[in-house]
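Trainee:
There are 2 protein chains.
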Amino acid sequence: MFRQLGLIGCGLMGGSFALALRRHALVRRVVGYSKSPSTTERAKRMGVIDVAAESALLAVSGSDIVLIAVPVAASETTFRAIRDLIDPGVLVMDVGSTKRDVVDAARRALKDRVPSFVPAHPIAGKEVAGIEHADAGLYAGRQVILTPIARTRPELVQKATDVWAAIGAQVLKMSPENHDAAFAAVSHLPHLLAFAYFSAIARQPAGRDFLSLAGPGFRDFTRIAASDPAVWRDILLANREEVIKQSQRFRHTLDAFEHVMRSGNAEALEDLIRGASDERAQWTMNTRR
Amino acid sequence: MFRQLGLIGCGLMGGSFALALRRHALVRRVVGYSKSPSTTERAKRMGVIDVAAESALLAVSGSDIVLIAVPVAASETTFRAIRDLIDPGVLVMDVGSTKRDVVDAARRALKDRVPSFVPAHPIAGKEVAGIEHADAGLYAGRQVILTPIARTRPELVQKATDVWAAIGAQVLKMSPENHDAAFAAVSHLPHLLAFAYFSAIARQPAGRDFLSLAGPGFRDFTRIAASDPAVWRDILLANREEVIKQSQRFRHTLDAFEHVMRSGNAEALEDLIRGASDERAQWTMNTRR
Numbered sequence: 001m002f003r004q005l006g007l008i009g010c011g012l013m014g015g016s017f018a019l020a021l022r023r024h025a026l027v028r029r030v031v032g033y034s035k036s037p038s039t040t041e042r043a044k045r046m047g048v049i050d051v052a053a054e055s056a057l058l059a060v061s062g063s064d065i066v067l068i069a070v071p072v073a074a075s076e077t078t079f080r081a082i083r084d085l086i087d088p089g090v091l092v093m094d095v096g097s098t099k100r101d102v103v104d105a106a107r108r109a110l111k112d113r114v115p116s117f118v119p120a121h122p123i124a125g126k127e128v129a130g131i132e133h134a135d136a137g138l139y140a141g142r143q144v145i146l147t148p149i150a151r152t153r154p155e156l157v158q159k160a161t162d163v164w165a166a167i168g169a170q171v172l173k174m175s176p177e178n179h180d181a182a183f184a185a186v187s188h189l190p191h192l193l194a195f196a197y198f199s200a201i202a203r204q205p206a207g208r209d210f211l212s213l214a215g216p217g218f219r220d221f222t223r224i225a226a227s228d229p230a231v232w233r234d235i236l237l238a239n240r241e242e243v244i245k246q247s248q249r250f251r252h253t254l255d256a257f258e259h260v261m262r263s264g265n266a267e268a269l270e271d272l273i274r275g276a277s278d279e280r281a282q283w284t285m286n287t288r289r
Numbered sequence: 001m002f003r004q005l006g007l008i009g010c011g012l013m014g015g016s017f018a019l020a021l022r023r024h025a026l027v028r029r030v031v032g033y034s035k036s037p038s039t040t041e042r043a044k045r046m047g048v049i050d051v052a053a054e055s056a057l058l059a060v061s062g063s064d065i066v067l068i069a070v071p072v073a074a075s076e077t078t079f080r081a082i083r084d085l086i087d088p089g090v091l092v093m094d095v096g097s098t099k100r101d102v103v104d105a106a107r108r109a110l111k112d113r114v115p116s117f118v119p120a121h122p123i124a125g126k127e128v129a130g131i132e133h134a135d136a137g138l139y140a141g142r143q144v145i146l147t148p149i150a151r152t153r154p155e156l157v158q159k160a161t162d163v164w165a166a167i168g169a170q171v172l173k174m175s176p177e178n179h180d181a182a183f184a185a186v187s188h189l190p191h192l193l194a195f196a197y198f199s200a201i202a203r204q205p206a207g208r209d210f211l212s213l214a215g216p217g218f219r220d221f222t223r224i225a226a227s228d229p230a231v232w233r234d235i236l237l238a239n240r241e242e243v244i245k246q247s248q249r250f251r252h253t254l255d256a257f258e259h260v261m262r263s264g265n266a267e268a269l270e271d272l273i274r275g276a277s278d279e280r281a282q283w284t285m286n287t288r289r
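Residue numbers (the working numbering), protein chains in the order written: chain A, 1 to 289; chain B, 1 to 289.
1. Apart from the five residues just before and just after residue 46 of chain A, which ones in its own chain have a Cβ nearer than 8 Å to its Cβ?
2. Helix, strand or coil for residue 94 of chain B, going by three-state DSSP, please let me know.
3. Rounded to whole angstroms, how far is the Cβ of residue 221 of chain A from the Cβ of residue 122 of chain B, which I believe are closer than 8 Å?
4. Take residue 124 of chain B and list the residues in its own chain whose beta-carbon comes closer than 7 Å to its own, dropping the five residues that flank it on each side.
5. Measure how close the beta-carbons of residue 309 of chain B and residue 36 of chain A come, nearest whole angstrom, since I'm counting them as under 8 Å.
6. Taking Cβ positions only, does residue 208 of chain A come closer than 8 Å to chain B?
7. Using a Cβ cut-off of 9 Å, pull out every chain B residue sitting near residue 197 of chain A, in sequence order please.
8. Consider the C-beta atom of residue 72 of chain B and the heavy atoms of the ligand FMN; say whether any pair is separated by less than 7 Å.
9. Taking the alpha-carbon positions, what's the residue 204 of chain B to residue 283 of chain A distance?
10. Considering only residues of the same chain and omitting the five flanking positions on each side of residue 164 of chain B, which have a CB-CB separation below 6 Å?
11. Please list, in chain order, the chain B residues whose beta carbon lies closer than 7 Å to that of residue 229 of chain A.
12. Cβ atoms of residue 199 of chain A and residue 185 of chain B: under 8 Å apart, would you say?
13. Short of 9 Å Cβ to Cβ, which residues in the region 93-115 of chain B face chain A?
14. Assuming the contact rule is C-beta atoms closer than 8 Å, residue 236 of chain A and residue 269 of chain B should be a hit. Round their C-beta distance to whole Å, please.
15. Short check: CB of residue 173 of chain B to CB of residue 148 of chain B, under 8 Å?
16. Using a Cβ cut-off of 7 Å, pull out every chain A residue sitting near residue 134 of chain B, in sequence order please.
17. With distances taken from CA atoms, which of B/7, B/175, B/28 is nearest residue 1 of chain B?
18. Would you call residue 217 of chain A buried or exposed, if buried means 16 or more other Cβ atoms sit within 10 Å of its Cβ?
19. Would you say residue 8 of chain B lies against chain A (beta-carbon separation less than 8 Å)?
20. If you draw a straight line from the C-alpha of residue 288 of chain A to the C-alpha of residue 169 of chain A, how long is it?
21. Evaluate contact between the region 151-164 of chain A and the region 69-81 of chain A, counting only Cβ atoms and requiring at least three cross-stretch pairs below 8 Å.
22. Which residue wins for smallest C-alpha separation from residue 261 of chain A, given the options B/146, B/242, B/266?
23. Return the residue from the list A/167, A/97, A/116 that minimises the CA-CA distance to residue 231 of chain A.
24. When the distance is taken between beta carbons, is residue 49 of chain A closer than 8 Å to residue 66 of chain A?
25. Determine the burial state of residue 56 of chain A: buried for a count of at least 16 other Cβ atoms within 10 Å of its Cβ, exposed for fewer.
26. Output, in chain order, the set of chain B residues within a Cβ distance shorter than 7 Å of residue 257 of chain A.
27. Look up residue 173 of chain B in the DSSP assignment and give the residues it is bridged to.
28. Please report the straight-line C-alpha distance between residue 228 of chain B and residue 274 of chain A, rounded to a whole angstrom.
29. Helix, strand or coil, according to DSSP, for residue 31 of chain B in the structure here?
30. From residue 7 of chain B to residue 95 of chain B, what does the alpha carbon distance come to, in whole angstroms?
31. I'd like to know if residue 85 of chain A contacts chain B, where contact means its C-beta is closer than 8 Å to some C-beta of that chain.
32. Of all the alpha helix (DSSP H) runs that stay within the bounds of the region 34-122 of chain B, which reach a length of 4 or more residues?
33. If we count the other Cβ atoms within 10 Å of its Cβ and call it buried at 16 or more, is residue 206 of chain B buried or exposed?
34. Report the rounded CA-to-CA distance for residue 11 of chain A versus residue 99 of chain B, giving the unit in angstroms.
35. Start and end of the beta strand (DSSP E) containing residue 7 of chain B?
36. Please confirm whether residue 209 of chain A and residue 182 of chain B have their CB atoms less than 8 Å apart.
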């Protein structure tokens, strides 16, 4: 049981974490800070936070657990703002979708307080942003990746593991580098492709007519193209080397498909499709049963 | 009310059409033919068809409505097989996802009987194939595109419109050319991209580990990658010019995204993402309310 959660960034991710801790009676009090006062007010009215803090630093004051849930690019400023009030026992986490850049920012900004920071990436989200969509069940059954570094305090890694497990998440640990390579492949590239694909369709002369004919396959394929622009701008920039590396692999495979289409080789095309189709049919999302 | 449905191809699409006609009491008897006798047997046991025919021609004998629900590449052979028993009043339809190639095949194979053929493309499906997944509600609320040509008998186009509407579908008409251009954009290209993307991820050295970390965004983005290889082989080959044209547009847009990522221009990247995100958030699938 935590005494006080300092929530920095009262959006979908942060708000859902606060609600989940409340639902499981893991925290007595939630103090929240948001860049926009109207968001903080809304979070208070919704019962997500108890008290609105006037600054990130004031949200940390008196907190034994701190969640930084701001766009990845704002991490370093946030670390600098709260550094002075991070005592050794305080568990500080983030929820960013990239980890190397956040860990680098923490090293630079937190300096001797970096052992308190346990980098976290919950594999959860919605295509709608904002505190109004916060959901106490958002993390239940989802995976959460922790990417501690050599200097991270082991007892805080344990505390982080326990709190995510207590709200129903499945906790994995890996290095920030392995994390970023993996998520470039299974999350960041699909978002980039979905953004590019949807733009390409919508911007052509007959785009409107085409969109009116699209069916359920299109709907699911493009669902992530509705994701938050500010969040994804930061992710795609922070992890661009890995994302572009994965995009190149993808383009090579697409070349291979188009090559057999052009050559009219039906058997080779069917083999290529079957390679994807059989494996995708067997794949299931790794969620806690 | 039809006297007899001749069903050629007892798979997901054909089986679902037969079940829908039965549910709405639109047909007295269903005679089915499938290349594989065990499939026809199964369809009979499931109550999808009343009688198993020994050939496509025998399925047409005595039928006043015929549905050809075979892979697109098998259309021409099927037309040739049934040509002699297509009397002027018989409504013949297909369910193929491409229309120019099917119309060309019908012109060649049906000759003077081509006015009886009303090309149809119901925008419905599942990522599982086969009669065991047939579903009387598959077409309810979905769009069905009819692509009649100048020679198609107007009263049969009306009959086709009525029967699809009676099972809950929304009927649109357009030329085979416009159909194929539109579906290259909103259906065939997404399938190609999903097949290529899934292959590219699965085939790299760390592919298995990556797949174990993938979340709900990945799940939805790749759902169509599990689609039937034989069906999609035919679609991608039949419509390859339009699909490759759309793929080129997509690659240009992807280039633009990667260019701003490489240059580190956060504002330009956010603008590109927002262009897709805002429009995708507003888009809704065109279904009958």
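Beta carbons: idealized from backbone N, C-alpha and C, even for Gly.
Mentor: The structure says:
1. 15, 131, 132, 134
2. strand
3. Going by Cβ atoms, the distance from residue 221 of chain A to residue 122 of chain B rounds to 19 Å, so no, they are not a contact pair.
4. 138, 139, 142
5. The requested residue 309 of chain B is not part of the displayed model; chain B covers only 1 to 289.
6. no
7. 189, 190, 193, 250, 253, 254, 276
8. Inclusion of the ligand FMN in the displayed structure is not the case, the ligand content being empty and no account of it being possible.
9. 16 Å
10. 144, 171
11. 270, 273, 274, 277
12. no
13. none
14. 6 Å
15. yes
16. Residues of chain A passing the Cβ test: none, with the nearest at roughly 17 Å.
17. B/28
18. buried
19. no
20. Residue placement at residue 288 of chain A is poorly supported in this model, since its pLDDT is 48, which falls under 50; the coordinates still yield a value, given next. Approximately 8 Å between the Cα atoms of the pair.
21. no
22. B/242
23. A/97
24. no
25. buried
26. 192, 195, 196
27. B/146
28. 8 Å
29. strand
30. 11 Å
31. no
32. 37-45, 56-60, 75-82, 100-110
33. exposed
34. 47 Å
35. 2-8
36. yes
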